[in-house]
Amino acid sequence: MPDKIVNGVMSLIGALIGYALSLLLIDFVESQNLIAVGPMPRIVANIFGALIFAAIMYLLTPYIKKRGYKLVYWAERELQNIPATVIMAGSIGLIVGLIIAYLISQLLLNIPIPFVGNIMSAFLYLFLGFLGVRMGVKNTPEMLALPAKFKNAGEKEKLEPCLEDGCKPKILDTSVIIDGRIADICKTGFVEGPLVIPEFVLEELQHIADSSDNLKRNRGRRGLDILKKIQKELEIEVIIVDTDFEDVSEVDSKLVKLAQQMNGKVVTNDFNLNKVADLQGVQVLNINDLTNSVKSIVLAGEEMDTQIIKEGKENGQGIGYLDDGTMIVVDGGRRYVGKNVAVVVTSVLQTSAGRMIFAKTKHAAS
């Protein structure tokens, strides 16, 4: 049944071609005053042309189908090796080229010399179509980046009022959202400018919230609750952007690129992200740095009381904590585990990861 349908369609196409050619031939003969063609001969010529070409096309159908199938299989095999993005870019280039060719061909068709305009138009379509495909394929990355650029332009419009005031957007990473302190900091009003949350950070947060590990799942859900709190309860503007970087797989690298693109600051607790961003010239707001900066200052030689909670890693060490969570490593404090003891500070180690105080028992110091 399908073969009969194909044969019928091909015969119909042949008949239409024969009919069209007979009309052209008759018009050409009459235009050259070679012979006068009456109504009846015209009808006969049209029918004869249609039947002849229908028969020719019917006989050629098996050959055309065979060659057509081979061509389709070859094209399918070749296209499988070409990325879909390249095919799409080439198609866009072809369409643009054909549109330009159509506009120019309207001028060429007005050339009074017979057939010259048609021939030139045909070559123009071929040339500009081929050129459009080549340019589209060659500039695939730039063409695919256009939608993102338009989106970024819209995002920049949202950020313009803030940028005019001199404040930069603050781009949150996953760690600082899960940590939760960012909500309290925003509530105090110390953070200016909109909070920018990339969709790839939301996806990572959602992935953590869906984890089979109970601890990770709770952390992820806590992060989502923090975001909801910031959006609903705080007055600070929150902007969710869908800008992504397909050529970059690491979320940290995407954050750095986004900060460079938006001229913003990255807000994080991640020590490694802090270092990478610094190396690439991106400003970082580290919540741990902020926390450390508001802790009470402890100087070497200062005395304090602390409870020794547990043993330290080194022989004879004991570990205690201040009220703000700062760890105190007490030399010789092992025997005081579970007791309050007076200590003397010997040194303080301050990093982005936190602060650590080293001390000796007052008895040992004296």
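In terms of the numbering used here, the sequence shown opens at residue 6 and continues consecutively.
Glycine is no exception: its CB is placed at the ideal position from the N, C-alpha and C atoms.
In angstroms, rounded to a whole number, what distance separates the CA positions of residue i and residue j?
i, j, result
"D294", "D310", "25 Å"
"R139", "V101", "12 Å"
"D8", "L129", "37 Å"
"P166", "C191", "For P166, the predicted structure reports a pLDDT of 49, less than 50, and the residue's modelled location is therefore unreliable. A value from the coordinates is still provided. About 19 Å."
"Y63", "T248", "56 Å"
"I10", "L113", "40 Å"
"A89", "S126", "31 Å"
"P67", "E81", "21 Å"
"I324", "L354", "15 Å"
"F276", "G194", "25 Å"
"A94", "I104", "16 Å"
"L99", "Y107", "12 Å"
"L29", "P117", "18 Å"
"S258", "N123", "55 Å"
"K367", "K300", "23 Å"
"V91", "E83", "13 Å"
"I69", "A55", "19 Å"
"Q322", "M332", "12 Å"
"R47", "I31", "7 Å"
"D283", "V303", "28 Å"
"V77", "D215", "45 Å"
"I245", "Q266", "15 Å"
"R226", "Y326", "29 Å"
"Q111", "N144", "29 Å"
"R72", "L65", "11 Å"
"S374", "R186", "Since the first residue shown for the chain is 6 and the last is 371, residue 374 is missing from the structure and cannot be characterised."
"G330", "F250", "38 Å"
"L131", "Q85", "25 Å"
"V196", "N320", "44 Å"
"K318", "I87", "59 Å"
"S16", "Y24", "12 Å"
"Y74", "A20", "23 Å"
"S36", "N115", "19 Å"
"I18", "M45", "24 Å"
"G13", "V34", "31 Å"
"G338", "R222", "38 Å"
"E308", "S352", "12 Å"
Measure the CB-CB distance between residue i and residue j and report whether it falls below 9 Å.
i, j, result
"I109", "L133", "yes"
"F205", "V121", "no"
"L177", "T273", "yes"
"V342", "I362", "no"
"E242", "L210", "no"
"I22", "F58", "yes"
"A364", "D328", "no"
"G141", "S96", "yes"
"R360", "N297", "yes"
"A188", "L220", "no"
Check the C-beta distance from residue i over to residue j and give it rounded, since I have them as a contact under 8 Å.
i, j, result
"R224", "I213", "6 Å"
"Q285", "V261", "5 Å"
"L278", "P203", "Not quite, the Cβ-Cβ distance comes to about 13 Å (not below 8 Å), so this is no contact."
"K270", "K175", "5 Å"
"E346", "G306", "In the sequence under discussion, the amino acid at residue 346 is Val, which differs from the Glu named in the question. Not quite, the Cβ-Cβ distance comes to about 17 Å (not below 8 Å), so this is no contact."
"S27", "A50", "5 Å"
"G198", "K237", "The Cβ separation is near 19 Å, so there is no contact."
Whole runs of the alpha helix (DSSP H) within the stretch 309 to 370, excluding any shorter than 4 residues: 367 to 370
Contained alpha helix (DSSP H) runs [length at least 4] in the stretch 241 to 312, N- to C-terminal order: 256 to 267, 276 to 284 and 292 to 298
Contact the stretch 170 to 185 vs the stretch 227 to 244: 3+ CB pairs below 8 Å: yes
The stretch 305 to 322 / the stretch 272 to 291 touching (three or more Cβ pairs under 8 Å): no
Inside the stretch 61 to 103 only - beta strand (DSSP E) runs reaching at least 3 residues: none
Secondary structure, alpha helix (DSSP H): runs of 4+ residues fully inside the stretch 167 to 202: 179 to 184 and 186 to 193
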